[in-house]
Amino acid sequence: MKVLMFGWEFPPFNSGGLGTACEGLTKALAKQNAEITFVMPKRVDLSLDFMKLSFADDHTASNKIMREYYFNSPLQAYSNEETYEICINTENQTEEKKKTIYGKDIYEEVLRYASVGEQIAGREDFDIIHAHDWLTFKAALAAKKASGKFMVAQIHATEFDRTGNGSVNQRVYEIEKEGLQGADLVITVSNFTKQKVMKHYGIPEEKIRVVHNANDFSEYTIRQLNDLKKNKKVVLFLGRITLQKGPDYFVQAAKKTLEHYPNAIFVVAGSGDMENQMIRQVASLGLADKFIFAGFLRGDDTKRAYQMADLYVMPSVSEPFGLTPLESMINGTPTLISNQSGVSEVVDNCLKTDFWDVDDMTNKIVSVLRYNELYKCLQTNGTEEVKKLTWDKPARRCVDIYEELLEKNKNGGTN
Amino acid sequence: MVSMCFYFQVHQPYRVRKYSIFDIGKEKEYFSDDSGTDLDNKWIMNKVATKCYLPTNKLMLELLEKHPEFKISFSLSGVFMEQMDEFMPEVLESFQKLVKTGRVEILAETYYHSLAFLHDKEEFRSQVKMHGDTVKKLFGITPQVFRNTELIYNNELAREIEEMGYKGIIAEGADHLLGWKSPNFLYKPTGTEKIKVLLKNYKMSDDIAFRFSNRDWAEWPLTVPKYVDWVNAINGNGEVLNLFMDYETFGEHQWEDTGIFEFLRYLPEEFLKNPDNNFKTPSEVVDAYPTHGEYDCHNFISWADIERDLSAWTGNEIQDAAMAKVYHLGEKVLQTGNHGLIHKWRKLQTSDHFYYMCTKWFADGDVHKYFNPYNSPYEAFISYMNVLHDLEIEVLDILKERGFVKKEESGLFGISV
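Quick note, the sequences are listed as chains A and B, same order.
Using my numbering, read the first sequence as starting at 342 and increasing by one per residue.
Using my numbering, read the second sequence as starting at 129 and increasing by one per residue.
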């Protein structure tokens, strides 16, 4: 089975969980004998033995007319209108280049990616199209139109998650909706997200399949103790510092925790548009000496951060899935997650709370720090549980979904 | 001759309310909570009384009036009797009516439905005595046969119970201990003189308690004539059929619409059609039948799960820590002589608290196998430890005031609040 997959990032060139999820899923799909062509908007220096990579800025493509559209796009994961502007204005681009090469705004970029999708559809051989999140949807729809093949649209996060159900960007929403409605089947990473897709995008339940994310634990080693923290207990926040991730609730809980457990220290790993606000909040609460801002971590540094922590907290306001708790648990770190997350549907051996219930969050943080047996029990059982959550099961689910569509193809042709 | 011997366990714990670190040092109510949820003890008592205790007691009374041969027994935990008294006196009255017929026996157990025998023998004896006193006060009878919490049992317990003056003790008829022997006879516990052990026939008990409404079971639906056929087959190779189960089987575990009440209603009549059959209470069984060899139980057994061991209440880090801390606190709590505090401390010994902290089903990914009023075993532990923490602070404050402990002593939590 040949799958043309539209993504937007891949480790180690990723800024969040989406790239990690794509890596885990594609690896496991390859094991199930799926041949994957993975399309990304931007060339990265990456070669993988389990699938073919294709880049939207591929200048070797034969079509001369389209060549000028194969840009080195500043389009990145988690882009939005603002960050796109910052991006094109800070990449030392010449004014002329800005005008002629890049789209005026992120929506034009999405359209450009779409036209490339059509091109790639023309030059690649595949049975099915699989697209990850809104930035790729137009490209996938174009590929579907050009090829007549079935399309699966996978939602890792909706606009409602990214904005914490606040001010939803209408244009992003429209593209998401177009992609979801145009797709032949929709995959969501949780029931939590399935409900949102039904409610906000009017997608009928029978068109949605839930495929939970999993964990790629082979790359992790056993827990190594870090002697950096001798007398302090470390509580970790790791993720993009954005509204969706609930950093402000983390700070509020930290303040209350310190009133009951003064020996705690709070490490924040990540960056994002709320970073400055978070630092200001910490300072104004007089917690500056209790917080360490570690910046965005990668690879081994991430692993070290988990292993150093006594507790990992993911207070997300709205988390379609959330891979970091699985990473934390596989590293032997007790984990506290918000109920407003897809991952809470698949793990039991962690603590759960409502993101807005700062008192409950504090109660659980203090209890893990205070009662060593709780720490040990969560550590042992959490690691055991997450070891069993491999990508094989979600990959099998995807293959089933592809086959469901191909079967339909045999029986009635495409629509 | 087959004697059918019914013993029904009736128990409700004082569940610990959601108790956070913010409550420590402030909130003195550990158990009550008006949440109308599965942590609200009064609400649960009401619910179970309506579905089970009141209708089942009514039916039992009818059966006792209709069949002069019909006999049953109960073991009522002390914390259950107390909650009846506190929340639903009409339930207590309905049990008293049954006992008044003279054909309903009450068994002995620990007042607090505790695991005290595993940790503190003296505490264990105090709780058994307390229970006996309460049964005497409420029902006017003195129990003669003992059953331990969750049928936790070994040779040593049998010896202890014999010493305390009981003539019989109840235990699980565990396959690995019985081997080729049948649970349908009495045995002498190894190392005892004259006490007799009554063994639960778990197959025939679980047919009613667990499998009755299971449509995947080959024997479903279980009719009264079919069941009595099985019972009659014991004639000639057994003397007593010990049917031991939770009383909540009727109406709560097996809902009314499964037909469980109708099953119970017609069982005595059908069973008594065979003139060789009769009903006996546990102490009558002990008086009527001799022992047939020994029941040798060195390691603890229980009636729980497939394992029939202690792994539902002990074994993981949080269960063992919670249990160690509550018993460690004992000496100081008793030293205060404060009855309110001692009673609270003992209510925290009820086995259910540790059951809610069990993670073995989580490990199998089979979370739905058991019921837990808390969101997870970890949350059960957190509320429980926070409560213990508060209790310790109060106890130490009293002892410091009296000069029994030094001012700087901060207790086993080592945390000042």
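We treat Cβ as the ideally placed atom computed from N, Cα and C, and that holds for glycine.
Note that this is a predicted model, so its numbers are computed, not measured.
Inset, instruction - Tell me whether the beta-carbon of B/Leu235 lies closer than 8 Å to the beta-carbon of B/Val176. - result: It is not a contact, given that the beta carbons lie outside the stated cut-off.
Inset, instruction - Quickly, what does DSSP pair A/Glu376 with across the bridge? List them, please. - result: Within the DSSP bridge table, the entry for A/Glu376 names A/Lys343 as partners.
Inset, instruction - Apply the 10 Å Cβ neighbour rule to A/Pro382 and answer buried if 16 or more other Cβ atoms are within range, or exposed otherwise. - result: Classification for A/Pro382: buried.
Inset, instruction - Measure from the alpha carbon of A/Leu476 to the alpha carbon of each residue in A/Ile469, A/Asp446, A/Ser488, then state which is nearest. - result: Of A/Ile469, A/Asp446, A/Ser488, the residue nearest in Cα terms is A/Asp446.
Inset, instruction - With a cut-off of 8 Å on the beta carbons, I'd call B/Gln140 and B/Met188 a contact; round off their distance for me. - result: With a contact defined as Cβ atoms closer than 8 Å, B/Gln140 and B/Met188 miss out at about 19 Å.
Legend entry - beta strand (DSSP E) runs wholly inside the region 130-214 of chain B, at least 3 long, in chain order: Runs of the beta strand (DSSP E) inside the region 130-214 of chain B: 130-138, 200-204.
Legend entry - Partner residues on chain B for A/Lys693, Cβ-Cβ distance less than 8 Å: Simply Asn503, Ser504.
Legend entry - Environment of A/Ile544 [buried if 16+ CB atoms lie within 10 Å]: Flag for A/Ile544 reads buried.
Legend entry - Burial state of A/Pro353, where buried means 16 or more other Cβ atoms lie within 10 Å: Exposed, because fewer than 16 other Cβ atoms sit within 10 Å of the Cβ of A/Pro353.
Legend entry - C-alpha distance - B/Arg530 paired with B/Ile200, whole-angstrom precision: Computed Cα separation, rounded: 50 Å.
Legend entry - Own chain, CB closer than 6 Å to A/Asn430, minus 5 neighbours either side, in chain order: Here A/Asn430 scores only 43 on pLDDT, less than 50, and its place in the model is too uncertain to base an answer on.
Legend entry - Among A/Val380, A/Ile496, A/Asn690, nearest to A/Glu465 - alpha-carbon criterion: Closest by alpha carbon: A/Val380.
Inset, instruction - Write down the C-beta distance between B/Thr270 and B/Tyr239 rounded to the nearest angstrom, noting that I regard them as a contact closer than 8 Å. - result: B/Thr270 to B/Tyr239, Cβ: 15 Å. No contact.
Inset, instruction - Would you mind sorting B/Pro403 into buried or exposed? The rule is 16 or more other CB atoms within 10 Å of its CB. - result: Per the 10 Å Cβ criterion, exposed.
Inset, instruction - Could you tell me the distance, in whole angstroms, from the CA atom of A/Pro735 to the CA atom of A/Lys537? - result: Approximately 20 Å, taken between the alpha carbons.
Inset, instruction - Quick one: grab the DSSP three-state call for A/Leu389. - result: Residue state, collapsed to three classes: coil.
Legend entry - Contact with chain A by B/Val487, beta-carbon distance below 8 Å: The question names Val, yet the displayed sequence has Thr at residue 487 of chain B. At least one chain A Cβ lies under 8 Å of B/Thr487.
Legend entry - Residues of the region 704-732 of chain A with Cβ closer than 7 Å to any Cβ of chain B, in chain order: Taking 7 Å as the upper bound on Cβ-Cβ separation, chain B lies near residues Asn704, Lys705, Val707, Ser708, Arg711, Tyr712, Glu714, Leu715, Lys717, Cys718, Leu719, Asn722, Glu725 of the region 704-732 of chain A.
Inset, instruction - Would you identify the three-state DSSP class for A/Ile480, choosing helix, strand or coil? - result: The sequence shown places Ala at residue 480 of chain A, rather than the Ile named in the question. DSSP, read as helix, strand or coil, puts A/Ala480 in helix.
Inset, instruction - Use the C-beta contact count for B/Asn427: other C-beta atoms within 10 angstroms, 16 or more gives buried, fewer gives exposed. - result: It is exposed - the Cβ of B/Asn427 has fewer than 16 other Cβ atoms within 10 Å.
Inset, instruction - State the beta-bridge partners of A/Leu677 as determined by DSSP. - result: A/Leu677 pairs with A/Val654, A/Leu692.
Inset, instruction - Would you mind working out which of B/Gly293, B/His481, B/Lys316, B/Asp518 sits nearest B/Tyr502, comparing C-alpha positions? - result: It is B/His481.
Inset, instruction - Report yes or no: is there a C-beta of chain E within less than 8 Å of the C-beta of A/Asp651? - result: The question asks about chain E, but that chain is absent: this structure's protein chains are A and B.
Inset, instruction - Say whether chain B places a C-beta atom closer than 8 Å to the C-beta of A/His541. - result: No, A/His541 lies away from the interface with chain B (no Cβ there is under 8 Å from its Cβ).
Legend entry - Check whether A/Gly683 and A/Gln648 have beta carbons under 8 Å apart: Cβ atoms of A/Gly683 and A/Gln648: not closer than 8 Å.
Inset, instruction - Report yes or no: is there a C-beta of chain A within less than 8 Å of the C-beta of B/Glu445? - result: Chain A contact via Cβ: present.
Legend entry - Which of helix, strand or coil DSSP assigns to B/Tyr281: Strand, per DSSP.
Inset, instruction - Show which residues of chain B have a CB atom less than 9 Å away from the CB atom of A/Asp698. - result: Within chain B, no residue comes near A/Asp698; the closest Cβ sits about 10 Å away, beyond 9 Å.
Inset, instruction - Please say whether A/Ala646 and A/Leu638 have beta carbons closer to each other than 8 Å? - result: The Cβ-Cβ distance between A/Leu638 and A/Ala646 falls below 8 Å.
Inset, instruction - Classify B/Thr377 as helix, strand or coil using the three-state DSSP reduction. - result: Helix.
Inset, instruction - Compare the C-beta of A/His601 against all C-beta atoms of chain B and say whether one is closer than 8 Å. - result: Interface residue, yes.
Legend entry - Stretch-stretch touch, CB-based, cutoff 8 Å, three pairs: the region 715-724 of chain A with the region 440-448 of chain B: Yes, since at least three Cβ pairs between the region 715-724 of chain A and the region 440-448 of chain B fall closer than 8 Å, the two stretches touch.
Legend entry - B/Lys154, buried or exposed, once every other Cβ within 10 Å from all chains shown has been counted against 16: Burial call: exposed.
Legend entry - Interface residues of chain B facing A/Asp641 [CB-CB closer than 8 Å]: Per Cβ cutoff of 8 Å: no residues; A/Asp641 is ~29 Å from chain B at best.
Legend entry - With 16 other Cβ atoms within 10 Å as the buried cut-off, status of A/Phe396: By the beta-carbon neighbour count (other beta carbons within 10 angstroms, threshold 16), A/Phe396 is buried.
Inset, instruction - Determine the extent of the alpha helix (DSSP H) in which A/Gln536 is found, giving its start and end residues. - result: Looking at the DSSP string, the run of the alpha helix (DSSP H) that includes A/Gln536 is 532-542.
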